[in-house]
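Visitor: Input: one structure, supplied below.
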Amino acid sequence: MTEYVKPITPSWCPGCGDFSVLASLKKSLLELKIPPEKTALIGGIGCAGGYHNFTDAYGYHSMHGRLLPTAIGVKLANPSLTVIAAGGDGDGFAIGMGHFVHTLKKNPSVVYVAMNNETYGLTTGQASPTSPVGFEGNIEMPFNAVLTALSLPSASFIARGFSGLPKELTALMTEAIRFAQDRKGFAFLEVLTPCVTYNDNYDEWRKRVEDVTKLPGYDPTSRPKSFELCLEVMERGKIPIGKIFSPAPDKLPPSLDSQVVPDPLKAPALLDISVEHNMAKYQKLLASLG
Ligand code: SF4
1 MTEYVKPITP SWCPGCGDFS VLASLKKSLL ELKIPPEKTA LIGGIGCAGG YHNFTDAYGY
61 HSMHGRLLPT AIGVKLANPS LTVIAAGGDG DGFAIGMGHF VHTLKKNPSV VYVAMNNETY
121 GLTTGQASPT SPVGFEGNIE MPFNAVLTAL SLPSASFIAR GFSGLPKELT ALMTEAIRFA
181 QDRKGFAFLE VLTPCVTYND NYDEWRKRVE DVTKLPGYDP TSRPKSFELC LEVMERGKIP
241 IGKIFSPAPD KLPPSLDSQV VPDPLKAPAL LDISVEHNMA KYQKLLASLG
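Counting from 1, one number per residue, gives the positions in the sequence shown under the numbering used here.
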C-alpha cells in the first residue's frame with residue numbers, strides 16, 4: 001500500500017465520499033499487483049478530479065470534461081499502461097457528456113470512475129446534471145449514466161458502487177480494472193459519493209441502494225434483463241448498485257486499442273525516436289524536399 005501512498009493529504013472535506021473511492025482504488029491496484037509506474041491516472045476538474053494527486057502513480061490533470069479523450073490518447077500511445085480516468089458528475093455529464101457517450105461508442109480499454117454526488121461541490125453546491133428535481137431549485141429530471149451506458153451496443157462493462165459500502169466498492173473497482181487491463185474494452189463504474197458539505201445523502205443512499213446481483217432474474221450478460229432489472233428497482237424508489245452489465249466473452253465488442261494498436265510492443269510511446277535510429281529516414285525526407 002505504501003507504494004501508492006503519497007505524503008500529501010487530500011484537500012477534501014472530512015467525510016467526503018471521495019476518500020472511499022481513493023482507498024478502493026489503491027487497494028485494487030495493490031491486489032492486482034499493478035505498480036505505480038504502470039498506472040496512469042487521469043483527472044478532471046472539481047473536488048473529485050484531483051484524486052490522482054494523492055497517489056504515486058503517473059497522473060495528469062486534464063481540462064474540464066476532457067478526461068476521457070485524454071485517457072484514450074494515453075491508452076493508444078501505450079496500451080501496456082493501466083489507464084484510469086476519474087472525475088465528478090458535473091465534469092463527466094455536463095461539459096463532458098459528448099465524450100462520455102463517444103467513449104462508450106469507441107470502447108477503449110480504460111476504466112472510467114464517475115464520482116456522482118449529485119451536485120457541483122467545489123463551487124459550493126449548485127445543481128448538477130444528476131441532481132434530483134427540487135435540489136437547489138432544479139426543475140430538470142436527473143441524468144442516469146448507467147441507463148445511458150446500457151442503451152449503447154458497444155458498452156462492455158457497467159457497474160455502480162457506493163462510498164458507504166467500501167468492501168463492495170473495492171470488489172467492483174478490482175473487476176473493472178482487471179477487465180480494462182485485459183484489453184476487453186471500456187469499464188464504466190459510477191460511484192455514489194456523498195458530498196457531506198453540500199449534499200449529504202449518506203443516510204438516504206444507505207437506505208435506497210439495492211444490490212442487483214442478489215435479485216431474482218439477475219443476468220449481467222443480458223442487456224434487456226439488466227435494463228429491466230434496473231428499471232424495476234428504480235420504480236420501487238431504490239438505486240441499483242453492483243455489477244450491472246458485462247456481455248459474455250464471445251459477445252464482447254472489440255476494444256478500440258486492440259484494433260488500433262494490436263501489438264503493445266509496437267505502441268507509439270515505445271518507438272525508438274533517437275536521431276541515430278531515424279537518420280536514414282530523416283535524410284530521405286530532407287532529400288525529397290529538394
Ligand atoms: Fe467532498 Fe463536497 Fe467537500 Fe468537495 S465540497 S470535498 S465533494 S464534501
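We put the beta carbon where it would ideally sit given N, CA and C, even for glycine.
Under 6 Å Cβ to Cβ from Pro132, same chain only, skipping five residues before and after it: list those, please.
Guide: So the list reads Pro142, once near-sequence residues are dropped.
Visitor: When DSSP labels each residue in this structure, what does Val196 get in the three-state scheme?
Guide: Looking at Val196 - three-state DSSP - the assignment turns out to be coil, as it is neither helix nor strand.
Visitor: Let me check you understand the geometry: is the CB of Thr197 closer than 6 Å to at least one non-hydrogen atom of the ligand SF4?
Guide: Correct: Thr197 has its Cβ closer than 6 Å to the ligand SF4.
Visitor: Would you say the beta carbon of Gly121 is closer than 6 Å to some non-hydrogen atom of the ligand SF4?
Guide: Answer for Gly121: yes, Cβ within range of the ligand SF4.
Visitor: What three-state label does DSSP hand Val260 in the structure shown?
Guide: Three-state result, Val260: helix.
Visitor: Going along the chain, which residues of its own chain have a beta-carbon closer than 7 Å to the beta-carbon of Glu190, five neighbours each way excluded?
Guide: The answer, listed in chain order, is Ala114, Asn116, Ala145, Val146 and Arg160.
Visitor: What did DSSP end up calling His64 once you bin it into helix, strand or coil?
Guide: Three-state DSSP puts His64 in coil, outside helix and strand.
Visitor: In terms of residue numbering, what span does the beta strand (DSSP E) encompassing Phe245 cover?
Guide: Ile239 to Phe245 is the extent of the beta strand (DSSP E) around Phe245.
Visitor: Can you determine whether any heavy atom of the ligand SF4 sits closer than 6 Å to the C-beta of Trp205, and answer yes or no?
Guide: For the ligand SF4, not one heavy atom lies less than 6 Å from the Cβ of Trp205.
Visitor: To the nearest angstrom, how far is it from the Cα of Ile8 to the Cα of Phe19?
Guide: Each residue's alpha carbon lies about 13 Å from the other.
Visitor: Taking the alpha-carbon positions, what's the Leu68 to Thr103 distance?
Guide: Going from the Cα of Leu68 to the Cα of Thr103 covers about 7 Å.
Visitor: Alpha carbons only, please: which of Gly59, Ser151, His61 and Ala77 is nearest the one belonging to Val101?
Guide: Minimum Cα distance to Val101 is reached at Ser151.
Visitor: Beta carbon of Cys16: closer than 6 Å to some heavy atom of the ligand SF4?
Guide: Yes; taking the cut-off as 6 Å, the Cβ of Cys16 has a heavy atom of the ligand SF4 nearer than that.
Visitor: Residues bridged to Gly113 by DSSP?
Guide: In the sequence under discussion, the amino acid at residue 113 is Val, which differs from the Gly named in the question. Paired residues: Ala86 and Leu189.
Visitor: For Thr70, count neighbouring Cβ atoms within 10 angstroms of its own Cβ and tell me buried if that reaches 16, exposed if not.
Guide: Thr70 comes out buried.
Visitor: Kindly indicate which three-state DSSP category Tyr282 falls into: helix, strand or coil?
Guide: Here Tyr282 sits in helix by DSSP.
Visitor: Assign Phe157 to one of three DSSP states: helix, strand, or coil.
Guide: Of the three classes helix, strand and coil, the one that applies to Phe157 here is strand, per DSSP.
Visitor: Inspect the beta-carbon positions of Ile42 and Gly65 and report whether they are closer than 7 Å.
Guide: No, they are not a contact pair.
Visitor: So, using beta-carbon positions, are Gly98 and Cys47 closer together than 7 Å?
Guide: No; because the gap between Cβ atoms is not below 7 Å, this pair is not in contact.
Visitor: May I ask you to check if the CB of Cys230 is nearer than 6 Å to at least one heavy atom of the ligand SF4?
Guide: Flag unset: Cβ of Cys230 not near the ligand SF4.
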